[in-house]
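Chains as they are written, first to last, in our numbering: chain A, 1 to 114; chain B, 1001 to 1114.
We treat Cβ as the ideally placed atom computed from N, Cα and C, and that holds for glycine.
Predicted model only: the values in this text are computed from it and were never measured.
There are 2 protein chains.
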Amino acid sequence: MPVALTTAQALTLWHDVSLSMVKDDEPDLSIRQMSILLTIYLEAPPHTVRGLAGKLGVSKPVITRALDSMGKLELVTRRRDEKDRRNVLIQRTVKGALYLERLADTIGNISRSI
Amino acid sequence: MPVALTTAQALTLWHDVSLSMVKDDEPDLSIRQMSILLTIYLEAPPHTVRGLAGKLGVSKPVITRALDSMGKLELVTRRRDEKDRRNVLIQRTVKGALYLERLADTIGNISRSI
DNA sequence: CCAGACTGATACGGCTCCGAAACGACCCCC
DNA sequence: GGGGGTCGTTTCGGAGCCGTATCAGTCTGG
């Protein structure tokens, strides 16, 4: 189902959503953190550090550090892969799901008002 | 003209656009910087430091610093207000307009493919 | 003409993030 | 069972941003 945003609509949407993210008192996630979080919740598991690094085109430490900070916020969790203990599996959390649900609501509401 | 994104569409759109921003080799703007830039280009001038700080709900130094960094990238310019020399007027640049034009294209293309 | 209000900029200490390199833990297979 | 490769993590110096407090320049009203 195509959405077909015009140039002005696209920028207005991005502006209003960014503004609402800045103005609420949640800790701002960086664009990289947001990309990681959305990838974890939208794409099929399993998710590994290396896989995410490849998908985003960034280095592994970037992923490790982003998981550290988002783990402190309880947006994601890490667990060792028992099949191959070198791997770390990144998992979703209730808080993370709620966070993205609210984000989707924000985007949806703003898109309807444009 | 309502856009009416579903939850999954909203998150997919945000995911794909964020991902494309991470993957291109431009320096990532923070969410605050992006909000400032979009405000300058979407809302009617004049734009002052104090006005932007109020609009975003942040302190004045945040605006000054964001204008410093985006000024280095030539996305915005500053000029003294000759009517009231206490004020600084923030102005658009060609590079800034092109940057946002490409962003709008990205959002538009992705929205059409969802 | 000058005290006080108001502007944007700056100093400071602290926190986060970055990229590159090195690290320990682990698996596989000869 | 041991060497080579693959994990994710850590370390290091450097850079950017934060909030608070303070600054110098400018305006305005008595």
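Residue-level contact to chain A via CB, residue i, 7 angstroms cutoff
{"i": "residue 1024 of chain B", "result": "no"}
{"i": "residue 1015 of chain B", "result": "yes"}
{"i": "residue 1028 of chain B", "result": "yes"}
{"i": "residue 1011 of chain B", "result": "yes"}
{"i": "residue 1032 of chain B", "result": "yes"}
{"i": "residue 1063 of chain B", "result": "no"}
{"i": "residue 1067 of chain B", "result": "no"}
{"i": "residue 1107 of chain B", "result": "yes"}
{"i": "residue 1104 of chain B", "result": "yes"}
{"i": "residue 1077 of chain B", "result": "no"}
Among the options, the one whose alpha carbon lies nearest that of residue i
{"i": "residue 18 of chain A", "options": "B:1030, B:1016, B:1114", "result": "B:1030"}
{"i": "residue 39 of chain A", "options": "A:76, A:110, A:10, A:61", "result": "A:76"}
{"i": "residue 82 of chain A", "options": "A:46, A:108, A:114, A:99", "result": "A:46"}
{"i": "residue 1033 of chain B", "options": "A:22, A:26, A:65, A:27", "result": "A:22"}
{"i": "residue 97 of chain A", "options": "A:63, A:108, A:64, A:37", "result": "A:37"}
Three-way DSSP call (helix, strand, coil) for residue i in this model
{"i": "residue 1038 of chain B", "result": "helix"}
{"i": "residue 1114 of chain B", "result": "coil"}
{"i": "residue 1012 of chain B", "result": "helix"}
{"i": "residue 968 of chain B", "result": "Residue numbering for chain B in the displayed model covers 1001 to 1114; residue 968 of chain B lies beyond these limits and cannot be assessed."}
{"i": "residue 1005 of chain B", "result": "coil"}
{"i": "residue 1080 of chain B", "result": "strand"}
{"i": "residue 29 of chain A", "result": "coil"}
{"i": "residue 1062 of chain B", "result": "helix"}
{"i": "residue 92 of chain A", "result": "strand"}
Contact under 7 angstroms by Cβ, residue i with residue j
{"i": "residue 114 of chain A", "j": "residue 48 of chain A", "result": "no"}
{"i": "residue 1080 of chain B", "j": "residue 1090 of chain B", "result": "no"}
{"i": "residue 60 of chain A", "j": "residue 74 of chain A", "result": "no"}
{"i": "residue 92 of chain A", "j": "residue 41 of chain A", "result": "yes"}
{"i": "residue 1110 of chain B", "j": "residue 1016 of chain B", "result": "yes"}
CB contact below 7 angstroms: residue i versus chain B
{"i": "residue 52 of chain A", "result": "no"}
{"i": "residue 111 of chain A", "result": "yes"}
{"i": "residue 20 of chain A", "result": "no"}
*Taking 8 angstroms as the threshold, find out whether the region 48-57 of chain A comes into contact with the region 1069-1080 of chain B through three or more Cβ pairs.*
no
*Contact between the region 1007-1025 of chain B and the region 93-106 of chain A: three or more CB pairs below 8 angstroms?*
yes
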